[in-house]
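Residue 1487 in the numbering used here sits at position 55 of the sequence shown; the count goes up by one each step and never skips.
Quick reminder that beta carbons are idealized off the backbone N, C-alpha and C, glycines included.
Fair warning: this is a prediction, and the values are worked out from it, not measured in the lab.
These notes are about the structure you will find just below.
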Amino acid sequence: MYELMENNKVFLMGKVVSEPKFSHDVYGEGFYELNLEVPRLSDHSDIIPITVSERLLENQFKLGSMVGVRGQFRSYNKVADDKSKLMLTVFVRELAEYDDSINPNIIELSGYLCKAPIYRTTPFKREICDMLLAVNRAYNKSDYLPCIAWGRNARFAKAIEVGSRVFLVGRIQSREYQKRLNDDMMLTKTAYEISVNKLSVDGGAQKLSDTFDGFDIKTEASGS
């Protein structure tokens, strides 16, 4: 159980930008969803969905509040219009002291590559590689988390074999994109993914943990 807690760790600090909305309950305990605006080290911000239990909610997550949280990045399937969609959220386990002098967005994962990496270059010759990791969770569940690597990390990632155990440190990012509905209509949607800063296969877990546990304030993925 301890290992399943350690293979998916998230630390976020930011501003609450939506009112808590009831999501579901488990054994009588209610859980709420809201959005956190998390600044990058650049001038941009990411809008990240988080899920908080009513036990932690209290008065900490009022609109406009600045909060720090620790938890796990999780996925679940949501069925709408007879289609299943992969949804992503940060499940908050505990509150953290807010300190704007440290990196506000850090994630550490240990998971298994479950699809072949997709490597490509942009028109500006920037190298990118998309990965999907399966991260084990308690009660025989897994989270399926999309990751994106850049530059040297992308070149390394493209050679990783399906089924390999991957260790990474990065940040969670949000990205808007356009989806065409028909010839006349475009829909703006938001994707969430992990932008990779450090990446290794198999034996690199201890090295990455050392970085995360210290909340390295210089950790920021390429492509910010």
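Residue i and residue j closer than 7 Å at C-beta
i, j, result
"F1505", "P1452", "no"
"R1502", "A1528", "yes"
"L1564", "C1546", "yes"
"R1597", "Y1544", "yes"
"K1482", "L1495", "Reading off the sequence shown, one finds Ile at residue 1482, where the question assumed Lys. Not a contact, by the Cβ cut-off of 7 Å."
"Y1459", "V1484", "no"
"A1591", "A1581", "no"
"N1537", "L1466", "no"
"C1561", "P1549", "yes"
Classification of residue i by the beta-carbon crowding that lies within 10 angstroms, buried from 16 upward
i, result
"K1639", "The pLDDT assigned to K1639 is 38, lower than 50, so where the model puts this residue is not dependable; a value taken from the coordinates is nonetheless given after this. That one is exposed."
"A1586", "buried"
"I1539", "buried"
"D1478", "buried"
"R1603", "buried"
"F1644", "Low confidence applies here, because F1644 scores a pLDDT of 36, under 50, leaving its location unreliable; read the following figure in that light. Counting Cβ neighbours within 10 Å, F1644 comes out buried, since at least 16 surround it."
"S1516", "exposed"
"Q1605", "buried"
"I1626", "buried"
Opposing strand residues paired with residue i [DSSP bridges]
i, result
"P1481", "N1467"
"Y1551", "C1561"
"D1457", "G1462"
"E1540", "K1441 and V1601"
"K1517", "K1510"
"L1545", "L1565"
"K1447", "E1469 and M1498"
Span of the beta strand (DSSP E), counted from its first residue to its last, around residue i
i, result
"R1597", "R1597 to R1612"
"Y1530", "Here Y1530 belongs to no beta strand (DSSP E), and DSSP marks it neither H nor E."
"S1574", "K1573 to W1582"
"V1628", "M1618 to V1633"
N-terminal and C-terminal residue of the alpha helix (DSSP H) that residue i is part of
i, result
"E1593", "No alpha helix (DSSP H) holds E1593; DSSP gives it neither H nor E."
"E1486", "E1486 to L1489"
Any non-hydrogen atom of the ligand GTP closer than 6 Å to residue i Cβ
i, result
"T1622", "Because no ligand of any kind appears in the structure shown, any question about the ligand GTP cannot be addressed here."
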